[in-house]
Structure formats: structure tokens, C-alpha cells
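Asker: In this note's numbering, the protein residues as written are 2 to 190. Ideal placement from N, C-alpha and C gives every residue a C-beta, glycine not left out. Being a predicted model, the structure only gives us computed values, none of them experimental.
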Amino acid sequence: MGTDDQLSMDLGVEVELTAWDRWVDPERHAAQARELCNRAALPAMPQEPWDFESREVIQLSETIGELLPDLEAVTLPENADTVDQLVCLIGEWFVRYLDARWIDLNKIPSGYNDCELSIYRDVKPGIAFKFDGWKACSAALLVQFVVENEFINIAELVSVAFWRHRRADEGGFLLSELRTSLPDHPPFI
């Protein structure tokens, strides 16, 4: 057994998962994002983000617009699973392509990144970024942004940031400069 291997044993003690543990499960997120892609008749998310002007992004944006045409639709109980799929899809874009991570905003004082829209009862998820100048953003604020604008705007931000991030690794463009080149995008940049 190598030094990185761990021994595990079943002590017969059930570990109860918290609401956050259940919500943040990466497999659940991937399945929900995949379901929204399926509803848009699209394949699974690619290794690199689709271009924001691609047929796939336009189709996904149109599907989201049909399913959730306004903020009132977001609050309807019958749309809860669709809203969760959208949250997971947006999150997957940020996690997969920009190395973001989910955070539990219940552990952050109220007033930070709040919006009138409430999506979940037991959890308050947000996305945190590792880039200088980027703020964490609540899932509710991201959903509100997509419904009021379009998913295309998130896809544009992620696509541009993804490729510029690659160039930054080679000494090129800084992601903090996106604030000036994409000024109408979500409030986390």
C-alpha cells in the first residue's frame, strides 16, 4: 500500500448528509445539467465551452427562455426542477471551464449578493471564483441574470474568459480586464 492510500472501515455508523451535502453533490449537478441539455436536444457539455454564437448555445438559450420566460415562472413550484437544472448548468459552466467552486452562502452574513429571488429553502448556493477582482455570486442572482438577459450572455462570458485564461497562463490577457471588455455581464466581474 502506498503512502497516499487510505484504509477505510465500516464502523456501522450512518453519516447523515446535510441539505448542503446533498445539494452540492457533483454527480447530482452533472445529471441536472445534462437533463437541461437533453431538453434542448443537445449532447453533453463539451471539454471546451461552446462558442457563444454557436447553434448549441443559441438552442440552449432559446430552450431556457421557453421554459422560464420571466422571473415569475422561476418562482412557480412546478418549475422548481427546471430552475435547479438551470442553476446546475450555469454552475457546471463556471466549475468546468473557469475552475470556480460552489460555496454555501448561508455561512456568509446576509446582505451579501442578495436578490429578491429565492430559489431554495434549505440551501443558499453561490459560485466563487479564483480570479482577482471577481466576487462570489449567488445562484439566485445568476438565474435572475439569465432569465432577464439570456443564457448567451453567460456563455459569452465563460467562453471569452476560458480562452483568455489559457492565454493568461502563457503571460497574456488578464481575466480582471474582462470588466472593461464585457461591462454588461453579471455583477461578479
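#1: Taking only runs that begin and end inside the region 55-118, name each unbroken alpha helix (DSSP H) of 4 or more residues, in chain order.
#2: Answer yes if the region 134-143 comes into contact with the region 36-56, meaning at least three C-beta pairs across the two stretches below 8 Å, and no otherwise.
#3: Please classify E32 as buried or exposed, where buried requires at least 16 neighbouring CB atoms within 10 angstroms.
#4: In chain order, which alpha helix (DSSP H) runs of at least 4 residues are fully inside the region 128-157?
#5: For G173 and R167, what's the separation of their Cα atoms in angstroms?
#6: Is any non-hydrogen atom of the ligand HEM found closer than 7 Å to the C-beta of R56, if you look at the structure I gave you?
#7: On the three-state DSSP scale, how would you describe P44?
#8: So, I155 versus W94, is the Cβ gap smaller than 8 Å?
#9: DSSP on P50, reduced to helix/strand/coil?
#10: Could you give the distance in angstroms between the alpha-carbon of N107 and the alpha-carbon of T64?
#11: Pick from A20, W24, A162 and E157: whose alpha carbon is nearest that of Q86?
#12: At what residues does the alpha helix (DSSP H) containing D22 begin and finish?
#13: By how many angstroms is the C-alpha of V14 removed from the C-alpha of A101?
#14: Count the other CB atoms within 10 Å of the CB of V161; is the residue buried (16 or more) or exposed (fewer)?
#15: Using only CA atoms, which one of E79, N150, D133 and R165 lies nearest to G66?
#16: With distances taken Cα to Cα, identify the nearest neighbour of H30 among V84, F53 and Q60.
Answerer: Based on what the coordinates show:
#1: 56-68, 72-76 and 81-99
#2: no
#3: Counting from one through the sequence shown, the residue named residue 32 turns up at place 31. The question names Glu, yet the displayed sequence has Ala at residue 32. So A32 ends up on the exposed side.
#4: 140-149
#5: Here residue 173 is taken as the residue at index 172 of the sequence shown, counted from 1. Here residue 167 is taken as the residue at index 166 of the sequence shown, counted from 1. Below a pLDDT of 50, predicted positions are generally treated as unreliable, and G173, at 47, falls in that range; no measurement from the model is reported.
#6: Because no ligand of any kind appears in the structure shown, any question about the ligand HEM cannot be addressed here.
#7: On the sequence shown, position 43 is the one that residue 44 refers to. Correct three-state label for P44: coil.
#8: Sequence index remark: in the sequence shown, residue 155 carries index 154 (1-based). Sequence index remark: in the sequence shown, residue 94 carries index 93 (1-based). Yes.
#9: As a first step, residue 50 must be located in the sequence shown, where it is residue number 49. Three-state DSSP puts P50 in coil, outside helix and strand.
#10: Mapped onto the sequence shown, residue 107 falls at position 106. Mapped onto the sequence shown, residue 64 falls at position 63. Cα to Cα, the separation comes out at about 31 Å.
#11: Locating residue 86 in the sequence shown gives position 85, counting from the first residue. Residue W24 is the option with its Cα nearest to Q86.
#12: Taking the sequence shown and counting its residues from 1, the one referred to as residue 22 is at position 21. D22 -> alpha helix (DSSP H) spans A20 to V25.
#13: Taking the first residue of the sequence shown as position 1, residue 101 is located at position 100. Taking the first residue of the sequence shown as position 1, residue 14 is located at position 13. Using only the alpha carbons, I get a separation of about 33 Å.
#14: The count along the sequence shown starts at 1 and reaches residue 161 at position 160. With 16 or more other Cβ atoms within 10 Å, it is buried.
#15: On the sequence shown, residue 66 is found 65 positions in, with the first residue counted as 1. Out of E79, N150, D133 and R165, N150 has the C-alpha closest to the C-alpha of G66.
#16: Locating residue 30 in the sequence shown gives position 29, counting from the first residue. For the residues V84, F53 and Q60, the minimum Cα distance to H30 belongs to V84.
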